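Shown next, in structure tokens, is the structure this report addresses.
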Amino acid sequence: MLRELTVENLALLDSLRLDFGPGFTVLTGETGAGKSIIIDALNAVLGERVGAEAIRSGESAAYVEAVFTAADAPRALEILESLGLREDEEGTVILSRELASGRSHYRVNRRTATLSLVQQIGSHLVDIHGQHEHQTLIHEENHLSFLDAFGGPEHLDLRSAYEELYGAFQQALKALDDLALDERERAQRVDMLRFQVEEIQAAGLEPGEEETLGTERTRLQHAERIRETVAQACELLDGDKGDAPSAVSAVQTAGQELRGLVKFEPLLGETAEELAEAGVAIQEAVRTLSGYLGGLEADPDRLEQIENRLADIGKLKRKYGDTVADILAFGERAEAELSELENLEVHEEQLRANLEKLRGEAGKAAQALSASRVKLAKSLKTVVEAELSGLGMAAAKFEVQLEHEEDAEGLPGSGGKRWKASRRGFDLGRFLFCANAGEELRPLSKVASGGELSRLMLVFKSVCSRGAEIPTIVFDEVDAGIGGRVAHSVGEKLVGVARAGQVLCVTHLPQIARLGDRHLRVEKHVEDGRTVARVEVLSAEGRVDELARMLGADESDETGRRHAAELLRDGEKDRRRLRAAAS
Numbered sequence: 003m004l005r006e007l008t009v010e011n012l013a014l015l016d017s018l019r020l021d022f023g024p025g026f027t028v029l030t031g032e033t034g035a036g037k038s039i040i041i042d043a044l045n046a047v048l049g050e051r052v053g054a055e056a057i058r059s060g061e062s063a064a065y066v067e068a069v070f071t072a073a074d075a076p077r078a079l080e081i082l083e084s085l086g087l088r089e090d091e092e093g094t095v096i097l098s099r100e101l102a103s104g105r106s107h108y109r110v111n112r113r114t115a116t117l118s119l120v121q122q123i124g125s126h127l128v129d130i131h132g133q134h135e136h137q138t139l140i141h142e143e144n145h146l147s148f149l150d151a152f153g154g155p156e157h158l159d160l161r162s163a164y165e166e167l168y169g170a171f172q173q174a175l176k177a178l179d180d181l182a183l184d185e186r187e188r189a190q191r192v193d194m195l196r197f198q199v200e201e202i203q204a205a206g207l208e209p210g211e212e213e214t215l216g217t218e219r220t221r222l223q224h225a226e227r228i229r230e231t232v233a234q235a236c237e238l239l240d241g242d243k244g245d246a247p248s249a250v251s252a253v254q255t256a257g258q259e260l261r262g263l264v265k266f267e268p269l270l271g272e273t274a275e276e277l278a279e280a281g282v283a284i285q286e287a288v289r290t291l292s293g294y295l296g297g298l299e300a301d302p303d304r305l306e307q308i309e310n311r312l313a314d315i316g317k318l319k320r321k322y323g324d325t326v327a328d329i330l331a332f333g334e335r336a337e338a339e340l341s342e343l344e345n346l347e348v349h350e351e352q353l354r355a356n357l358e359k360l361r362g363e364a365g366k367a368a369q370a371l372s373a374s375r376v377k378l379a380k381s382l383k384t385v386v387e388a389e390l391s392g393l394g395m396a397a398a399k400f401e402v403q404l405e406h407e408e409d410a411e412g413l414p415g416s417g418g419k420r421w422k423a424s425r426r427g428f429d430l431g432r433f434l435f436c437a438n439a440g441e442e443l444r445p446l447s448k449v450a451s452g453g454e455l456s457r458l459m460l461v462f463k464s465v466c467s468r469g470a471e472i473p474t475i476v477f478d479e480v481d482a483g484i485g486g487r488v489a490h491s492v493g494e495k496l497v498g499v500a501r502a503g504q505v506l507c508v509t510h511l512p513q514i515a516r517l518g519d520r521h522l523r524v525e526k527h528v529e530d531g532r533t534v535a536r537v538e539v540l541s542a543e544g545r546v547d548e549l550a551r552m553l554g555a556d557e558s559d560e561t562g563r564r565h566a567a568e569l570l571r572d573g574e575k576d577r578r579r580l581r582a583a584a585s
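Quick note on the working numbering: the sequence shown kicks off at 3 and runs consecutively.
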């Protein structure tokens, strides 16, 4: 739902911050006060076309920010998840828009976004009914969703079962299409893969081979220097030169001398032992170096072999990967693809058999879904016409038109025919409508006025469960051209819709305003010589004043105020009654 709305320098609003809650919120005000200014701000942040003229006079920029909790808007959360934009576990969505110099800058959860992304997310958060593009009833692609929602859980299970099978069918179809390569292209691919596999296999590469060869090459390249250094070390450790003893002799002599002093100073015994051990260690090191020196020899032939082998590996690396492991992995993939292409006929037969199996299963599921929709369409016609009669449209007629389109490559259906299918099934659905007696039923989007669309949406939201699964619904013209008993009925419908989410309604009728969980009043004032709009959250007493004004009473009319207070009390009773009846 919509939690917060912040507006700066948009039209008559210089600065505004409103908190919203669940349930039914009404917005009222005198004619010309700008009651729809909140709706305009919402439209702006949802990506509606807004020009530079919307920026408050004398200001260089305008800003609108809307904060939503999208826990009840799963499609919006899916989009956020897919883009890594999810804010928290509660599903907070922050949409913002800055208008400056005729250009707009959008953000989603504080990160820069495109207009199309904002519109995509916003379409799953808010449904605004009035003279705006957010009227989902205008778009026929939404009509099947309303019909399916009317069917309830049992029907929705049929739709889910079909969607799962249709998805599997599409995947199988793609797998077969991917396999259907041009014969010449396939032969060329086989030749190339065979050459690559044979070249890699012929090289006889071993994991870690390049590193081992590199180490051996380095040793052979520096064999002479290694020999000289090792020989020098052996001589220093165990080769006496004239009067200069070797390291072994010096350590052994020092140890013997110290042992001779132990009888005078026992503490020197430990050091003498350490020197004895050091002498042994040095002798062992000399033996090791001498053995190494004996086996060390320059081997130009072996060095050439290594250079040639590393050059061969380098050529393979330029073709197939940065390391020997990469080359071997490339070879394994090439071998697998080669095997698949060489056994293509067997694989293709398996794919075709699986495809036809899924085609049949998806066709049966689509038939069951379509049959259920035919029954629902008849029931929905009866319910909608009855509901519209209670909203002052007794002559209105409504019908759901369901059609199929033949397709030789489609899913099997009744009568041995194949029908074009989508993720929604066989059906192409649209609503037909006429408001007045004697008129022909025509597509709803072409004949319904803004007020009629709003009342129709009220009906659908009442009888079609969650409808299009949009948690916040805004009605801007729901009471256009109505009054009296019809206004009471419209108000009760709004309360019913608000049970499952959040409803905002701009109204000029006290019969509707009395039923709001909260009441916002929009007024215009002149401050410092400039007109500004202010939005006030009304207290109980403030609501009485506003209802009295809407009833035509002035401030001194006590009778009017008593009537307004009574209307508000009745509204609270009716609201509780309606919600108790629904529960």
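Glycine included, C-beta positions come from ideal geometry on N, C-alpha and C. In this text the structure is predicted, and so the values were computed from the model without any measurement.
Whole angstroms are fine: how far does the CA of S84 sit from the CA of W421?
If you take the alpha carbons of W421 and S84, they lie about 33 Å apart.
Pair within 8 Å by beta-carbon distance, L277 and L270:
No; because the gap between Cβ atoms is not below 8 Å, this pair is not in contact.
CA nearest to the CA of V534, picked from E10, M3, R5:
Looking from the CA of V534, the closest CA among E10, M3, R5 belongs to E10.
With burial defined as no fewer than 16 other Cβ atoms inside 10 Å of the residue's Cβ, what is the status of Y294: buried or exposed?
Flag for Y294 reads exposed.
Pick helix, strand or coil for L443, following the three-state DSSP scheme.
In the structure shown, L443 sits in coil (DSSP, three-state: anything other than H, G, I, E or B).
If we ignore side chains and look at the alpha-carbon of each, how far apart do L500 and R579 end up?
First, the amino acid is wrong: residue 500 is Ala here, not Leu. Approximately 14 Å, taken between the alpha carbons.
Note down, in chain order, each residue of its chain lying with its Cβ closer than 7 Å to the Cβ of L382, except the 5 sequence neighbours on either side.
Exclusion of the five residues before and after L382 leaves L149, F152, V402 as the residues of its chain whose Cβ lies within less than 7 Å of its Cβ.
Span separating the alpha-carbon of H406 from that of F428
One C-alpha to the other measures close to 6 Å.
When you compare only the Cα positions, how much space is there between E303 and Q223?
The residue you asked about is not Glu; residue 303 is Asp in the sequence shown. Each residue's alpha carbon lies about 12 Å from the other.
DSSP state of N11 mapped onto helix, strand, coil:
Three-state DSSP puts N11 in a strand.
L181 and T474 look like a contact to me (Cβ under 8 Å); what is the Cβ gap, rounded to whole Å?
That belief does not hold up - the Cβ atoms of L181 and T474 are roughly 47 Å apart, past 8 Å.
Taking only runs of the beta strand (DSSP E) that begin and end inside the stretch 73-118, which ones reach a length of at least 3 residues, in chain order?
Those beta strand (DSSP E) runs which fall completely within the stretch 73-118 and span 3+ residues are 94-102, 105-110, 113-115.
As a quick exercise: from F462, Q504, E237, pick the residue whose alpha carbon is nearest that of H145.
Closest option to H145, Cα to Cα, is F462.
My guess is that R523 and E560 are in contact by the Cβ rule of under 8 Å, so how many angstroms apart are they, rounded?
About 21 Å separates the CB atoms of R523 and E560; that is not less than 8 Å, and the two are not in contact.
Helix, strand or coil for V192, going by three-state DSSP, please let me know.
Helix.
Buried versus exposed, by CB contacts within 10 Å (16 or more), M194
Burial call: exposed.
Just the C-alpha distance for D129 and E61, rounded to the nearest angstrom, thanks.
Approximately 30 Å between the Cα atoms of the pair.
Pull up the distance between the alpha-carbon of I39 and that of A555, whole angstroms please.
Distance between the alpha carbons of I39 and A555: 25 Å.
Can you tell me whether DSSP reads M3 as helix, strand or coil?
Note: M3 maps to coil in three-state DSSP.
Please tell me whether G323 has its Cβ less than 8 Å away from any Cβ of chain C.
Among the chains of the structure shown, chain C does not appear; only one protein chain is present.
If you draw a straight line from the C-alpha of F608 to the C-alpha of S374, how long is it?
Outside the displayed range of the chain (3 to 585) lies residue 608, so it cannot be described from this structure.
Would you tell me roughly how many angstroms separate the C-alpha atoms of A256 and C236, rounded to the nearest one?
So the two alpha carbons sit approximately 20 Å from each other.
Helix, strand or coil for P155? Go by DSSP, reduced to three states.
DSSP, reduced to helix, strand and coil, places P155 within a helical segment of the structure shown.
Enumerate in chain order the residues of its own chain whose CB-to-CB distance from G493 is below 6 Å, with the five nearest sequence positions on each side excluded.
Residues Q513, I514, L517 of the same chain have their beta carbon placed closer than 6 Å to that of G493, with the five preceding and five following residues left out of the count.
Are there 16 or more other CB atoms within 10 angstroms of the CB of A550, so buried, or fewer, so exposed?
Classified as buried, A550 has 16 or more neighbouring CB atoms from the shown chains inside 10 Å of its CB.
DSSP state of K176 mapped onto helix, strand, coil
Three-state DSSP puts K176 in a helix.
Any idea what DSSP makes of L371, helix, strand or coil?
Shown here, L371 sits in a helix according to DSSP, grouped into three states.
Check whether the stretch 62-74 and the stretch 95-107 touch, using three or more Cβ-Cβ pairs below 8 Å as the test.
Touching, yes.
What residues in its chain sit with their C-beta under 6 Å from that of I140, if we drop five residues either side in the sequence?
For I140, the CB contacts under 6 Å within the same chain, skipping 5 residues up- and downstream, are S447 in chain order.
For G28, the first and last residue of its enclosing beta strand (DSSP E):
Note on identity: in this sequence residue 28 is Val, with Gly being the wrong assignment. Its beta strand (DSSP E) spans residues 25-30.
Rounded Cβ spacing between I202 and G333 (contact assumed at less than 8 Å)
Correct: roughly 4 Å between the Cβ atoms.
L553 - partner residues in DSSP beta bridges
L553 is not bridged to any residue.
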